[in-house]
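So the sequence lines, in the order shown, correspond to chains A and B. To convert, note that position 367 of the first sequence is 366 in numbering that gives the first Met the number 0; the numbers rise steadily by one, no gaps. To convert, note that position 115 of the second sequence is 114 in numbering that gives the first Met the number 0; the numbers rise steadily by one, no gaps. All C-beta atoms in this analysis are idealised placements derived from N, C-alpha and C, irrespective of residue type, glycine included.
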Amino acid sequence: MSLPYHLRIQKRTEEVPRWLPLATSVGAIVLAFLISALILQLIGGNPIKTFGYFFNAAFGSWGALSDVVVKATPLLLIGLGCGLAFRMRLWNIGAEGQFYIGAFFASLVPLVPLVDMETTPKFVILLMMALLGMLGGGLYGFIPGWLKAKFNVSEIISTLMLNYVAVFFNNYWIYSEFSDAGFQMTPVFAKSAWLPRLADYAREVKAFSGITLHLGVVFGLIAAFIIWIIMTRSRWGYEINLIGDNPQAARYAGINITRNVILVFMLSGALAGLAGMSEVSGVVHRLQERISTNYGFSGVIVAWLAKLNPFATILVSFLFGALIVAGREIQPSGLYFFIQGTILFLVISSDVLLRYKFELFRTAPEAAK
Amino acid sequence: MSLEIILRSGLSTGTILLFAAIGEILTELAGIQNLGVEGMMLLGAMAAFKTALATGSPWLGLLAGIAAGGLLSLAHALVTIHFQADQVVSGLSLTFLGTGLALVLGEGLTGQNAPLITNATIPLLSKIPWLGRIFFADLNILVYIGYLLIPISWWYINKTRPGMHLRAVGEKPAAADSLGINVYGVRYLYTFVGGCLAGLAGAAISIAISPGWYSNLTTSGQGWIAVALVIFAQWNPLRAALGGYLFGMLRRFMLDLQGPMLLFGLRNPFFYNHNLVFFLQMMPFVLTIIALVWGSASARRLRIGAPAALGIPYVRGERG
C-alpha cells in the first residue's frame, strides 16, 4: 500500500461512547438540511432565503412556537406508540389510520351526541372523548396485531392497507351522516368538547391571546413518562424488550408472544387514537378530511430518530413540529417529504458508525515501500 | 358493465402492478426487501412524464423513468448492503425520499400533456376469435411487454444459472459466497433491477396507461399493493402476474358498479347513495389484506416461505 494513510474498519467490541448516538443523529439532521439546500440550489431556489424563512416561520414568535408545539403533539403521541411497537420489532406503519379512527371515535361524543353537551361537565366529556379515541385507535391496532399473531400476515402491509381504509371510512361519515349541510366536514363541536387552550385564558393573562397551545401536549408528556416507566421499570417492559432482542429466548422463558404482539399493537394504536382525539378536540374542533398532515408516517421517523427512547421522542417531535409548521410555508411543497426522507436515510446510515470503528492510521514506513 | 371491458381494463392496469411486483420479487429473491416501491414508482412516473414532455419522445421518457427508479434503489442498496441498516426502515425512508423528490422536481407538471406511448394491435394474434380481440387488440404496447416479461422472468429465475445464483444468495448467502458467487454484487444488481422495474411501472402510469401527473395521487398506493402482491404470489412471477391482472379487473369492476341504476335486478345502492362509494374505494385495500391472509395460510401449508435470508444483512465470516 502506498497511500500515507489507510482506513481500518473494525467491528466495535467495546461499549459505544455515550455521546456518539446523539452526535450521529444531530450530524444526520444537519447533513440532511445541507443536502436539501443543495437540491434547492440546483432547481433554482435560494436555500439561504428559504431556510431563513423556514426558521422564522417556526421560531419567529411566541405564536409560531406555540404552533410548533401544537404540531408536535400528535407526533409525540404517535412516535411513542410506534417506538413501543418497534422495540418489539413490530412495524406499525398504520398510525395514520389509527389516528383517523381515534379521531372518529372521539368525535362521536359531540356529534351523536353521546351525552348532553350542555349539562355534562366539560371534564367528563373530554375524558370520554380521550377514552373513546384510545379505544378506537386500540381496536384498529388490534386488527394488524391479531392478523400478525394468528396468521403471520406482514403487519407492514396490513397496517398500510388499513390506513387507506380508515381514510375512506372517515370520508363516508363526513360526507354523509355527519356532514355539515352537505359540506365535506362535520359541524363544529360544542365548546364543551374543546380541549382548553391558552388563548381561552387571554382575559386573565394578556400574553396568551391568540396562543393556540392546548392541553393535548400534556397528554403527550404524561404518555412519554408512562411509556418510560413501562419500558424500564415493569415486568411487561422487560418482556417487550426480550421479545424484541431475542424472540427465541423469550419463547423459552415462557413469555406469551401472541398476547404481547396483540397488546403492544393495541397500545400503539391507542396512542395514535389519542393523538387523533387531541387533534380534533384541541385544534380542528370538527371532523373533516385531511386532519392529519402525514402524522402517521412522520411519527415513524420521529420514533426512529429518537432511537425509541421516550424522552428523546419529545425533543425529536418538537423538531418535526417545526419542520411541519415551516414546511406549510415553503415551496415547493414536496421539500418537506424530501427532508424527512433524507434525515431518516442518514440516521440509519450513520448507525454504521455505532457498530463499526473507523480509524485512520498512518501507514508504517516499511509498509509504504 | 361488460366482461370484455373489465378484462381489458384489468390487463391494462394490472400491467402496472405486474412490473412493480416482478421487480420486487427479483429484489427479494436476492434477500433484500425494498419497501420503497411506492417512492420509486412515483419518481419513475415523474421522470418519465417530465422527460417525455421535454424531449417529445415517450420512449426517452420511459428510459428516464426506468433509470430514475433504478438510481433511487441504489440508495437502498448501499444503506442495507454495505451499512447493514434495517431494511424496513430504509425502505420506508426510500418512499419518503422518492415521494419528496418527485414532488419537488415535478412542480408544475400537473395539467400538461406529454407525448404518450400508444396502443397497438398484434397482427396475427388479434385475429383469434374473441380472445384475440381481448388480449391482443388495441392495448398499450407496455401491456404486451408485460406479457413477455412474465415467462421470461419465470424462466430466468428457475431455469438459468444466474437465476440459480440469485436464489442461492437469497436463501443461503454464506454458501453462495463459498461457491464464489459475489453476494454483495448480486444483491446490488437485483436491487437495481427491482428499482428499474418499479420505475418502469411508474412510467407505465404517467405516460401510457393512465397518463398524466397528479403529484402523489399518480401512484395512489399501488406501490404498496405491489409489495403485498409479492407475498401473495409467493415469490412466483406467474402468480404475481395473475394477481396483478385480477386486481386490475376488480378495480374496474368496483368502478363499474357505480354506474347502473339496477344491480342484479335490485336497486343499486351505490347509484342512489353516492357516499357508499367510499366503501367501494376501500375494497382494493381490504381485498389485499384478505389475499395476504389467504396467501400466508397457503404458504404455511405448502411450506413455501420467504427467501430464508430475506431482510438479513450478510457479513462475510459472521454466523449464518
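I need the DSSP call for residue i, collapsed to helix, strand or coil.
i        : result
A:Lys121 : helix
A:Leu359 : strand
A:Ala367 : Note that A:Ala367 scores a pLDDT of 46, beneath 50, so its modelled location is shaky and nothing firm can be said.
B:Leu115 : coil
B:Arg315 : coil
B:Arg266 : strand
B:Asn139 : strand
A:His284 : coil
A:Leu212 : coil
B:Leu301 : coil
B:Leu108 : coil
B:Leu256 : coil
A:Leu83  : helix
A:Leu307 : coil
Terminal residues of the continuous alpha helix (DSSP H) containing residue i?
i        : result
A:Ile92  : Looking at the DSSP string, A:Ile92 is not in any alpha helix (DSSP H), and its letter there is neither H nor E.
B:Leu309 : Run containing B:Leu309: none; DSSP gives neither H nor E here.
B:Ile121 : Premise fails: B:Ile121 is in no alpha helix (DSSP H) and is neither H nor E.
A:Gly261 : According to the sequence shown, residue 261 of chain A is Ile rather than Gly. Here the alpha helix (DSSP H) through A:Ile261 covers Ile256 to Glu278.
B:Leu199 : Val182 to Ala203
A:Ala248 : Pro246 to Tyr251
B:Gly43  : Val36 to Thr54
B:Phe18  : Leu2 to Leu28
B:Asp176 : Pro172 to Ser177
A:Gly333 : From DSSP, A:Gly333 is part of no alpha helix (DSSP H); its letter is neither H nor E.
A:Leu304 : Tyr294 to Leu304
A:Tyr200 : Taken as a continuous stretch (DSSP letters only), A:Tyr200 belongs to no alpha helix (DSSP H), as it is neither H nor E.
Need the endpoints of the beta strand (DSSP E) that residue i sits in, please.
i      : result
A:Gln9 : Tyr4 to Lys10
Buried or exposed for residue i, please, with buried defined as at least 16 other CB atoms from any protein chain shown within 10 angstroms of its CB.
i        : result
B:Ser11  : buried
B:Trp154 : exposed
B:Gly319 : Interpretation of B:Gly319 is limited by its pLDDT of 45, a score under 50 that renders its predicted location unreliable; no figure is taken from the coordinates.
A:Arg354 : exposed
A:Ser153 : buried
A:Tyr294 : buried
A:Tyr251 : exposed
A:Gln371 : The structure shown has nothing for residue 371 of chain A, since chain A only spans 0 to 368.
A:Lys368 : Any reading at A:Lys368 needs caution, since the residue's pLDDT is 44, under 50, leaving its predicted position unreliable; the model's value is listed next. With fewer than 16 Cβ atoms within 10 Å of its Cβ, A:Lys368 is classed as exposed.
B:Leu141 : buried
B:Gly316 : exposed
A:Trp369 : Shown here, chain A extends from 0 to 368; a query on residue 369 of chain A therefore has no answer.
A:Gly298 : buried
B:Arg7   : buried
B:Ala181 : Correcting the residue type first, residue 181 of chain B is Asn in the shown sequence and not Ala. The residue in question, B:Asn181, is exposed, as its Cβ has fewer than 16 Cβ neighbours within 10 Å.
A:Asp350 : buried
B:Val36  : buried
B:Pro312 : buried
B:Leu112 : At residue 112 of chain B the sequence reads Asn, which differs from the Leu that was named. The residue is exposed, with fewer than 16 neighbouring Cβ atoms inside 10 Å.
A:Gly340 : buried
A:Phe54  : exposed
A:Lys70  : buried
A:Gln9   : exposed
- prompt: If you measure beta-carbon to beta-carbon, which residues of the segment 87–102 of chain B are closer than 8 Å to chain A?
  reply: Val87, Val88, Ser89, Leu91, Ser92, Leu93, Thr94, Phe95, Leu96, Gly97, Thr98, Gly99, Leu100, Ala101 and Leu102
query: What are the residues of the segment 33–46 of chain B that lie near chain A, defined by any Cβ-Cβ distance shorter than 7 Å?
result: Leu34
- prompt: Can you list the alpha helix (DSSP H) stretches of 4 or more residues lying completely in the segment 111–195 of chain A, in chain order?
  reply: 121–150 and 154–174
message: To be precise: take each residue of the segment 199–225 of chain B, compare its Cβ to all Cβ atoms of chain A, and keep it if any distance is under 7 Å. Which residues remain?
response: Gly220 and Trp223
field: Where the segment 124–150 of chain A meets chain B: residues whose CB sits under 8 Å from a CB there
entry: Leu146 and Phe150
query: Listed from N- to C-terminal order along the chain, which residues in the segment 225–257 of chain B have their beta-carbon within a distance smaller than 8 Å of any beta-carbon of chain A?
result: Val226, Ala227 and Ile230
- prompt: Name the residues in the segment 282–294 of chain B whose C-beta lies less than 7 Å from a C-beta of chain A; which are they?
  reply: Phe284, Val285, Thr287, Ile288, Leu291 and Val292
task: Could you please tell me which residues of the segment 349–361 of chain A, in chain order, have their CB closer than 8 Å to any CB of chain B?
output: Asp350, Val351 and Arg354
- request: Please list the residues of the segment 73–100 of chain A that have a C-beta atom closer than 8 Å to any C-beta atom in chain B, keeping them in chain order.
  value: Trp90 and Ile92
message: Using a Cβ-Cβ cutoff of 7 Å, what residues of the segment 169–185 of chain A are near chain B? List them in chain order.
response: Asn170, Tyr171, Tyr174 and Ser175
task: Select from the segment 333–344 of chain A all residues with a C-beta closer than 9 Å to any C-beta belonging to chain B, and list them in chain order.
output: Gly333, Leu334, Tyr335, Phe336, Phe337, Ile338, Gln339, Gly340, Thr341, Ile342, Leu343 and Phe344
task: Identify each residue in the segment 103–125 of chain B for which the Cβ-Cβ distance to at least one residue of chain A is less than 8 Å, and report them in chain order.
output: Val103, Leu104, Gly105 and Glu106
query: Relative to chain A, which residues along the segment 256–279 of chain B have a C-beta separation below 7 Å, given in chain order?
result: Asn274, Phe277 and Phe278
- prompt: Using a Cβ cut-off of 9 Å, which residues of the segment 168–192 of chain B contact any Cβ in chain A, in chain order?
  reply: none
message: Beta carbons nearer than 8 Å to chain B: which residues of the segment 290–303 of chain A have them?
response: Phe296, Val299, Ile300 and Trp303
query: Mind listing which residues of the segment 155–167 of chain A have their C-beta closer than 7 Å to chain B's C-betas, in chain order?
result: Ile155, Ile156, Ser157, Leu159, Met160, Tyr163, Val164 and Phe167
- prompt: When Cβ atoms are compared, which residues of the segment 63–75 of chain B fall closer than 7 Å to chain A?
  reply: Ala74
message: Closer than 9 Å between beta carbons: that is the criterion. Which residues of the segment 237–251 of chain A meet it against chain B?
response: none
message: Can you pull out the residues from the segment 7–22 of chain B whose beta carbon lies closer than 7 Å to at least one beta carbon of chain A?
response: none
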